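Residue numbers (our numbering), protein chains in the order written: chain A, 4 to 256; chain B, 26 to 532.
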Amino acid sequence: MLKVLFSRFKQGYRTNKFPNEIPALPDRLRGLPRVDSSLCPPGCRECADQCPTDAIHFHNEKVNIDLGRCLFCPECMQACPQTAICFTQDYRLAVRKRDDLVVDDQAFKLAKRLEKESQRIFGRSLKLRQVSAGGCNGCEVDVNVLNTLVWDLGRFGIQFVASPRHADGILITGPVTQNMELALIKTYEAVPSPKIVIAVGACAISGGPYIDLPDVCNGAASTVPVDLFIPGCPPHPLTILDGLLRFIGRIKE
Amino acid sequence: MSLPHAARVRNSQAIRLDHIPIHPVEEFREFVIRSLEDGARLSALYGIPGSDDTVRLLAVLTNGLNGEISLTRTDVHESYPAITQNAPQAHWFEREITEQCAVKPQGHPWLKPIRFQRKNPSHPDGWQQNESPSIFPGVTNFFRVEGDEVHEVAVGPVHAGIIEPGHFRFQCHGENVFHLEISLGYQHRGVERALIGGPNKKTLSFMETLAGDTTVGHSLAYCQLFEGLASLTAPPRAQSLRGIALELERLANHVGDLGALAGDIGFLPTLSYCGRIRGDILNMTAVLCGSRLGRRLVRPGGVWFDLEPSTVTHLISWLDEVMLDLRNAVRLLWNTPSVMARFEETGTVSKQDCRKLGLVGVAARACGVEQDVRFEFPTGIYRFAQIPVSTWHSGDVFARAHVRWMEIQRSAEFMRDQLENLPKGEIMTPIRTFSPNTLVVSLIEGWRGEICHIAMTDENGTFAHYKIVDPSFHNWMGLALAMRNQQISDFPLCNKSFNLSYCGHDL
Numbered sequence: 004m005l006k007v008l009f010s011r012f013k014q015g016y017r018t019n020k021f022p023n024e025i026p027a028l029p030d031r032l033r034g035l036p037r038v039d040s041s042l043c044p045p046g047c048r049e050c051a052d053q054c055p056t057d058a059i060h061f062h063n064e065k066v067n068i069d070l071g072r073c074l075f076c077p078e079c080m081q082a083c084p085q086t087a088i089c090f091t092q093d094y095r096l097a098v099r100k101r102d103d104l105v106v107d108d109q110a111f112k113l114a115k116r117l118e119k120e121s122q123r124i125f126g127r128s129l130k131l132r133q134v135s136a137g138g139c140n141g142c143e144v145d146v147n148v149l150n151t152l153v154w155d156l157g158r159f160g161i162q163f164v165a166s167p168r169h170a171d172g173i174l175i176t177g178p179v180t181q182n183m184e185l186a187l188i189k190t191y192e193a194v195p196s197p198k199i200v201i202a203v204g205a206c207a208i209s210g211g212p213y214i215d216l217p218d219v220c221n222g223a224a225s226t227v228p229v230d231l232f233i234p235g236c237p238p239h240p241l242t243i244l245d246g247l248l249r250f251i252g253r254i255k256e
Numbered sequence: 026m027s028l029p030h031a032a033r034v035r036n037s038q039a040i041r042l043d044h045i046p047i048h049p050v051e052e053f054r055e056f057v058i059r060s061l062e063d064g065a066r067l068s069a070l071y072g073i074p075g076s077d078d079t080v081r082l083l084a085v086l087t088n089g090l091n092g093e094i095s096l097t098r099t100d101v102h103e104s105y106p107a108i109t110q111n112a113p114q115a116h117w118f119e120r121e122i123t124e125q126c127a128v129k130p131q132g133h134p135w136l137k138p139i140r141f142q143r144k145n146p147s148h149p150d151g152w153q154q155n156e157s158p159s160i161f162p163g164v165t166n167f168f169r170v171e172g173d174e175v176h177e178v179a180v181g182p183v184h185a186g187i188i189e190p191g192h193f194r195f196q197c198h199g200e201n202v203f204h205l206e207i208s209l210g211y212q213h214r215g216v217e218r219a220l221i222g223g224p225n226k227k228t229l230s231f232m233e234t235l236a237g238d239t240t241v242g243h244s245l246a247y248c249q250l251f252e253g254l255a256s257l258t259a260p261p262r263a264q265s266l267r268g269i270a271l272e273l274e275r276l277a278n279h280v281g282d283l284g285a286l287a288g289d290i291g292f293l294p295t296l297s298y299c300g301r302i303r304g305d306i307l308n309m310t311a312v313l314c315g316s317r318l319g320r321r322l323v324r325p326g327g328v329w330f331d332l333e334p335s336t337v338t339h340l341i342s343w344l345d346e347v348m349l350d351l352r353n354a355v356r357l358l359w360n361t362p363s364v365m366a367r368f369e370e371t372g373t374v375s376k377q378d379c380r381k382l383g384l385v386g387v388a389a390r391a392c393g394v395e396q397d398v399r400f401e402f403p404t405g406i407y408r409f410a411q412i413p414v415s416t417w418h419s420g421d422v423f424a425r426a427h428v429r430w431m432e433i434q435r436s437a438e439f440m441r442d443q444l445e446n447l448p449k450g451e452i453m454t455p456i457r458t459f460s461p462n463t464l465v466v467s468l469i470e471g472w473r474g475e476i477c478h479i480a481m482t483d484e485n486g487t488f489a490h491y492k493i494v495d496p497s498f499h500n501w502m503g504l505a506l507a508m509r510n511q512q513i514s515d516f517p518l519c520n521k522s523f524n525l526s527y528c529g530h531d532l
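So this is what it looks like as structure tokens:
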């Protein structure tokens, strides 16, 4: 017992102060991409050609990156003969509408808080059931991390629960394999209404690297209606937490 | 009687396809069974459907004593005499062959689907399931114990925690588990099929997401295979950085597992500390490449990012700090009698069963089997910097925890040594095209155990076939065996002590 107490003293208090203070992020973190199409050489499509998930398209000679498909790999940045695409350290990526995930030269539309009535119900206590539907366990790892004492998700009233019957909504990872489709539908149906759905990671938003393979359904929205999209492969825990807190109205700007 | 001839290669060494002998099925069978009796391991056994109804089987046998990999082939139609009755290591592989190639191993004691993959109209499975409109995962003839006092517990696919889907059926007598059957396939995405015709711009992303927690392990196995097919060698600095990345991944996962084992028995101090420390180690990986899981760290020909001298110094002092906190957190486990009472003699697998089933990685070393790709089939930096093999004899949850702790300490020493002595020079070699009609076997000791990738090129030098064997593929049966005659309440603890991958198995 004394050893446990001594160890507790030695390990110290480690919970970060987010959202009041932003924890240090690695220099090489690839967050929100910044696009400057004015630098593109005429007719150049190098970035789009290299993108493993075809997330980059050109619209009126302007670069559009679909963060719903983006794996946040450096292929496009390295392929660009100029510096038209670069990844910033901006970790804020969650949105409410699928179309808002497209990044161009315009400002990025971050997730708005829930509507007033939902905010009243979920704002101070949100219980989620996590469903892994063909994910690689990468998103699951970084969702799980939020339960460690560094992030201490419980202090925001958000908790992962063991049964859909106890939940206010589900958090889905993975492209939804055909073999998980039925289990996902049953889990969704078991959650009492009103309920919300959160899609975490490129797979759950679009199918990610598995897009259009015959054994997968190209994401959660193919099966259930999605209320919040958190892109990444996998998203940094800070990105996930920021998305959840914006959603329930705990981060307002 | 002498053994039939087989082709012999080293880890990630290319061999022309026509140099691999094709034997009649009896000789093939004899060779596989005799080699396994002589101490070799079955790293892979799979079928490749031909243009007609022929299926070509390939066996990959690895011998840790001399570092040799033996390859042999045979052609079969519809059915052949199964290997499993003589060598249980083949059990899961032969079920996979039936599912993927519609060939029946005659006499296989337990022939049922392992992934319930949807049918490709051109490739039916051995149960003619493609004739039914849909296949439901987990719908199969489970082994059942009958009796008034026996009950069955079914769990999954959706579990209570943040974990992947799988279905577990326990045959119980009160609390006591007679038998556990594990049914997977829910994570099946069809990766192996999608890799054919590559490599292309998607290939590396598939490798990095075979099992997200083993991103470095699987992408390194692929890069090593790539380099074998293209006759390349990554520069020394890249090899050293790859080693650091692979050991960081091992460290992060082992630390997480020790914490989770403490959590499963309700010992919260170590759970809390290890959860935090694991995050620190993932953040170190992010310092290397921007991603906590090591996405886009390794690439064919080398690595994506170099390390500045100031970052190296920072990482060394960070690693020292982490190890100090970790020692403090983990020693609490060994010093607490209530923890040891739950760990010891729970979920025991004997050395004999371990060898018969062909378990790999931590699970095998915890049964006292000296088996480690880094030691037996070294490639890259492990040819120059050896890490001692960590074993323990008791085969229980304690052994699997203790082996993890020994490996953590040895990996940390290795990393420190590599960071202090990073070779100078380039981090990339320009890549070249593949040799046509060639095969490479690439082995890597991932944190769970032996990762095996095997690719075969066609006459154009693109992938004609790609086979992936995740360590979990060998070990799921080990978990089922460890649960025999245990309390069902010990399942979470046993499960965590193996910590196997669902997506790596289901592919």
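Backbone N, C-alpha and C fix where the C-beta goes; we use that ideal spot for every residue, glycine too. Remember, predicted model here, so these are calculated numbers, not experimental data.
Distance between beta carbons of residue j and residue i, contact taken as under 8 Å
{"i": "phenylalanine 402 of chain B", "j": "glycine 92 of chain B", "result": "5 Å"}
{"i": "valine 66 of chain A", "j": "cysteine 54 of chain A", "result": "In fact, because the Cβ distance is near 11 Å, the residues do not count as touching under 8 Å."}
{"i": "leucine 96 of chain B", "j": "leucine 83 of chain B", "result": "7 Å"}
{"i": "leucine 332 of chain B", "j": "leucine 266 of chain B", "result": "7 Å"}
{"i": "valine 183 of chain B", "j": "alanine 186 of chain A", "result": "6 Å"}
{"i": "histidine 279 of chain B", "j": "glutamate 432 of chain B", "result": "6 Å"}
{"i": "isoleucine 188 of chain B", "j": "glutamate 143 of chain A", "result": "7 Å"}
Below-8 Å beta-carbon distance, residue i vs any chain B residue
{"i": "glutamine 162 of chain A", "result": "no"}
{"i": "isoleucine 201 of chain A", "result": "no"}
{"i": "alanine 165 of chain A", "result": "yes"}
{"i": "leucine 216 of chain A", "result": "yes"}
{"i": "threonine 151 of chain A", "result": "yes"}
{"i": "aspartate 245 of chain A", "result": "no"}
{"i": "serine 10 of chain A", "result": "yes"}
{"i": "aspartate 145 of chain A", "result": "yes"}
{"i": "alanine 186 of chain A", "result": "yes"}
{"i": "leucine 32 of chain A", "result": "yes"}
{"i": "asparagine 19 of chain A", "result": "no"}
{"i": "threonine 190 of chain A", "result": "yes"}
CB contact below 8 Å: residue i versus chain A
{"i": "glutamine 249 of chain B", "result": "no"}
{"i": "glutamine 377 of chain B", "result": "no"}
{"i": "tyrosine 298 of chain B", "result": "yes"}
{"i": "asparagine 111 of chain B", "result": "no"}
{"i": "asparagine 500 of chain B", "result": "no"}
{"i": "serine 244 of chain B", "result": "no"}
{"i": "leucine 357 of chain B", "result": "yes"}
{"i": "leucine 318 of chain B", "result": "yes"}
{"i": "lysine 492 of chain B", "result": "no"}
{"i": "glutamate 189 of chain B", "result": "yes"}
Identified DSSP bridge partners for residue i
{"i": "isoleucine 199 of chain A", "result": "A:Gly172"}
{"i": "aspartate 69 of chain A", "result": "A:Val105"}
{"i": "glycine 72 of chain B", "result": "B:Leu82"}
{"i": "asparagine 201 of chain B", "result": "B:His198 and B:Gln512"}
{"i": "proline 106 of chain B", "result": "B:Gln131"}
{"i": "lysine 492 of chain B", "result": "B:Ile479"}
{"i": "valine 466 of chain B", "result": "B:Ile479"}
{"i": "asparagine 140 of chain A", "result": "None; asparagine 140 of chain A has no bridge partner."}
Helix, strand or coil at residue i according to DSSP, with G and I counted as helix
{"i": "glutamate 432 of chain B", "result": "helix"}
{"i": "isoleucine 290 of chain B", "result": "coil"}
{"i": "serine 208 of chain B", "result": "strand"}
{"i": "histidine 499 of chain B", "result": "helix"}
{"i": "glutamine 377 of chain B", "result": "helix"}
{"i": "tyrosine 527 of chain B", "result": "coil"}
{"i": "glutamate 55 of chain B", "result": "helix"}
{"i": "histidine 44 of chain B", "result": "helix"}
{"i": "valine 180 of chain B", "result": "strand"}
{"i": "leucine 267 of chain B", "result": "The sequence shown places arginine at residue 267 of chain B, rather than the leucine named in the question. It is helical."}
{"i": "glycine 243 of chain A", "result": "One point to set straight first is that residue 243 of chain A is isoleucine, not glycine, in the sequence displayed. Isoleucine 243 of chain A falls in the helix class under three-state DSSP."}
{"i": "methionine 26 of chain B", "result": "Note that methionine 26 of chain B scores a pLDDT of 49, beneath 50, so its modelled location is shaky; the value from the coordinates is reported in the next line. Three-state DSSP puts methionine 26 of chain B in coil, outside helix and strand."}
Contiguous alpha helix (DSSP H) assignments of at least 4 residues, all confined to the segment 107-138 of chain A: 119-125
Which full runs of the beta strand (DSSP E) of 3+ residues lie inside the segment 4-76 of chain A, going along the chain? 36-38, 59-62 and 65-69
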